[in-house]
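Taking it in order: structure first as structure tokens, then the write-up.
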Amino acid sequence: MILCPRACARLPGGIIMGGHRNTYGYSEYHGRNGGRVRNVLLFIIAVLAVILAAGVAFMAFMGQYLEYTEDGVKIHWPWAQESASLPPIASDPLEVDTDPLDVTVEPTLDVEPTPPPPPQYNPVGAVTVTTAQLRSGSAAQAVAAGGGNALVVEMKDMYGKLAWQSQAPLAAQLGTNASDNLTAQAVQALSQTSDLYLVARIQCFRDPVLARNWIGSIMTRGGNVWFDITGLGWTSPANSQAVEYLSALCGELADMGFDEVVLDCAGYPNAGETKVLATSDNRPEDRTVPVSAFLARISEELAAKDVKLGVYTDETLLPGDEALSGLTATVLATHVDRVWLDPKAGADQYAALLSAAGWEELAPRLVARYTPVSGGSWYS
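In my numbering, the protein residues as written are 3 to 382.
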């Protein structure tokens, strides 16, 4: 029996296979396919390693293009961005005219608004008529008979009574309205069918109805209601309720068809026992302030309706003298279109004072009793 230089193992059936001995003297058995399996496993491991490395590199490269949202991961492919931002295809270069523009800047002119034209004043010859003549239709004949071109009718008398039915709440409350509206209807018809200049005359602050109802009542120093020489009480131009009432009445007269509203007793009392009058909010020391404010308001409201404002006065005005009524020449010249003079008032004095206060077109604006001033306006 010949022994192999290597250790041999006898297998069942007499087959002897060679192998490596291990540390304990036994040889290792690898089987027939052991090497092939090992090579496959090594290949798979190598492939997985390559895939893993490629995945890590891909994630490192694509991290800037990934967006994590609530809906999942969005990939912004770099080639899509590049295609969206590709520059336009170059074409023929544009020819740009680089000559400087000739721009002329016109200077801005401060254009002042054109003031409204001054009102025109035509001389009036006014004949006084009654409400009964208006209602009967004979007023126009009375004016013609008197040689006039205008009529004057009293629409609010010294007792506070109105010749029409006013819509002012205070008129109904105090019971000053007329029993019917026939006078107002006659005025409207006359304004539409004739060329007569229609003038409404109203008593303002001499109003016993307002005074006895404690609406701006003028008081004595002893705390009593003051009465003038006719026994009538007065209200105050400083009382807002009285002013609102008169403003409403003047507006209704303008809407009725009158061309002018003449205010009688448009200030404070200037005759009788004025020395006993109290100084108060209703009758301040400077009476021109509330009187001027009242006339300014009525003038503005009537002017908006193209109706003129006149004031009737019987007070003597002299330079430097105090006007008890508050109706100074300056107040009249500032707010009034016409001044209607009582025979007791000096026409020459008023003409000089109003002219000095800035009045223009004096002749048609100063209305004297019977005899016109220098061919101007008159009333009878």
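Positions of the beta carbon are idealized from the N, C-alpha and C atoms, including for glycine.
Mapping DSSP to helix, strand and coil, what is Gln-330?
Checking the sequence, you will find Thr at residue 330 rather than Gln. Three-state result, Thr-330: coil.
Lys-307 by DSSP, collapsed to three states: which one?
coil
Take Arg-289 and list the residues in its own chain whose beta-carbon comes closer than 6 Å to its own, dropping the five residues that flank it on each side.
Tyr-270 and Gly-328
Sub-9 Å separation of Cys-252 and Leu-304 beta-carbons:
yes
Within 10 Å of its beta-carbon, does Ile-300 have 16 or more other beta-carbons around it, so buried, or fewer, so exposed?
buried
Those residues which DSSP pairs with Met-221 across a bridge
Val-227
Can you list the alpha helix (DSSP H) stretches of 4 or more residues lying completely in the stretch 117-155, in chain order?
133-138 and 141-147
Measuring only the C-alpha atoms, how far is Ala-173 from Glu-246?
12 Å
Could you give the distance in angstroms between the alpha-carbon of Asn-226 and the alpha-carbon of Asp-209?
16 Å
Okay, do the stretch 147-167 and the stretch 121-134 touch, 3+ Cβ pairs below 8 Å being the bar?
yes
Starting from Val-211 and walking both ways along the alpha helix (DSSP H), at which residues does that stretch end?
210-214
List the endpoints of the continuous beta strand (DSSP E) containing Tyr-372.
Neither: Tyr-372 is in no beta strand (DSSP E) and is coded neither H nor E.
Expressed to the nearest angstrom, what Euclidean distance is found between the alpha-carbon atoms of Ile-217 and Thr-276?
20 Å
Take Val-446 as the anchor and find which of Trp-361, Ile-53, Ala-170 and Ser-282 has the nearest alpha-carbon.
The structure shown does not extend to residue 446, since the chain spans only 3 to 382, so no value can be given for it.
CB of Thr-185 within 9 Å of CB of Phe-207, strictly
no
Residues near Thr-281 by beta carbon distance below 8 Å, same chain, minus five either side
Glu-287
Cβ shell of Tyr-28 (< 8 Å), same chain only, five flanking positions each side left out
Per-residue confidence for Tyr-28 stands at a pLDDT of 42, beneath the threshold of 50, marking its modelled position as unreliable; no derived number is given.
The beta strand (DSSP E) with Tyr-381 in it runs from where to where?
379-381
I'd like to check one pair, Ala-354 with Thr-315: are the Cβ atoms closer than 9 Å?
no
Give me the Cα-Cα distance between Ala-86 and Ala-55, rounded to the nearest whole angstrom.
Below a pLDDT of 50, predicted positions are generally treated as unreliable, and Ala-86, at 47, falls in that range; the measurement from the model is reported next regardless. Distance between the alpha carbons of Ala-86 and Ala-55 is about 31 Å.
Suppose you measure from the CA of Ser-376 to the CA of Val-201; what does that come to, to the nearest Å?
22 Å
Can you look up Ala-56 in the DSSP assignment and give me helix, strand or coil?
helix
Quick one, are the C-beta atoms of Ala-180 and Ala-141 less than 9 Å apart?
no
Using a Cβ-Cβ distance under 9 Å, would Ala-331 count as near chain D?
As a matter of chain content, chain D is missing from the structure shown, which is built from one protein chain.
Hey, out of Ala-165, Arg-223 and Ser-382, whose CA is closest to Ile-204's CA?
Ala-165
Comparing C-alpha positions only, which one of Val-263, Ala-59 and Val-333 sits nearest to Val-291?
Val-333
Fully enclosed by the stretch 262-323, which alpha helix (DSSP H) runs are 4 residues long or longer?
290-305
Pair within 9 Å by beta-carbon distance, Ala-365 and Gly-378:
yes
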